[in-house]
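Have a look at the structure below, then the notes.
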Ligand code: 5GP
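Residue numbers (our numbering): 269 to 477.
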């Protein structure tokens, strides 16, 4: 590990099924502490109302996405509900080198790729307290989706949560417990930053003349 590596920020992978509240949680983290940086992903899905290119996602077409994969510009990528999603490698590396804690809000297949490629990454799964709450949240969103879409989201949630054992931490996002969930993530970051394995140069530096 070089001195540069010691200054490196944490690579935080945050996953959670639709309805886990991970988006709100991440927004709070970003507001609370400016050491966090959100990694803006690329996707081939169409922007939703209110989403902005370069802020929520880089909205690109399939041809462009496949060219970026071929050029090894993606740290990870996956297909989800018929669209590509991927993490731009260069931005993540630059932000980590600058000492930022970089948040990847990605689904489980991409997280497993990060786990392989970047073993120092910290994987956190956000979940609702139980399946009933998840279902109630998905039905109560009022985003006018069909029963079929809700069923599919619930099925996807089951698949995603079946990968929980591959993650390092679980954070349960209970009803009206968002502050608790945010603080748990902050605590995880503090503990991970204090790992001896991230401070290999410490002793050398400590005894340096
Ligand atoms: P949405 O279309 O609702 O914004 O996102 C759908 C799913 O794709 C979410 O689970 C989200 O976390 C995931 N996702 C967003 N960006 C990326 C990415 O860069 N890579 C991967 N693997 N998943 C992503």
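Note that beta-carbon positions come from the ideal geometry of N, C-alpha and C, so glycine has one too.
Grab me the residues of residue 377's own chain with a C-beta within less than 6 Å of its C-beta, minus the 5 sequence neighbours each way, in chain order. 346
Report yes or no: do three or more beta-carbon pairs, one from the segment 383-390 and one from the segment 285-303, lie closer than 8 Å? no
Whole angstroms is fine: what's the gap from residue 320's alpha carbon to residue 327's? 9 Å
What I want to know is whether the C-beta of residue 326 ends up closer than 7 Å to one or more non-hydrogen atoms of the ligand 5GP. no
According to the neighbour-count rule (16 or more other Cβ atoms, all chains shown, within 10 Å of its Cβ), is residue 397 buried or exposed? exposed
Measure how close the beta-carbons of residue 311 and residue 351 come, nearest whole angstrom, since I'm counting them as under 8 Å. 6 Å
Under the criterion of a Cβ to heavy atom distance below 7 Å, does residue 318 qualify as lining the ligand 5GP? no
Using alpha carbons as the reference points, say which of 341, 288, 370 and 323 lies closest to residue 406. 288
Where residue 471 falls: helix, strand or coil (DSSP): helix
Quick one: what's got a C-beta closer than 7 Å to residue 284's C-beta in the same chain, skipping five residues either side? 290, 393, 394 and 395
Inter-residue spacing [alpha-carbon to alpha-carbon] between residue 421 and residue 460: 32 Å
Identify which residue in 357, 440 and 409 has its Cα closest to the Cα of residue 279. 357
In the DSSP output, what is residue 283 paired with across the bridge? 393
Secondary structure of residue 449, DSSP reduced to three states: helix
Quick check on the burial criterion: 16 or more other C-beta atoms within 10 angstroms. Buried or exposed for residue 471? exposed
With distance defined between alpha-carbon atoms, name the residue in 293, 337, 355 and 434 nearest to residue 322. 355
Going by the C-beta, is residue 348 closer than 7 Å to any heavy atom of the ligand 5GP? yes
For the ligand 5GP, is there a heavy atom less than 7 Å away from the beta-carbon of residue 374? yes
Less than 7 Å between the CB of residue 312 and some heavy atom of the ligand 5GP, yes or no? no
When you measure from the CB of residue 355 to every non-hydrogen atom of the ligand 5GP, does any distance come out below 7 Å? yes
Assigned secondary structure, residue 351 (DSSP; H/G/I helix, E/B strand, else coil): strand
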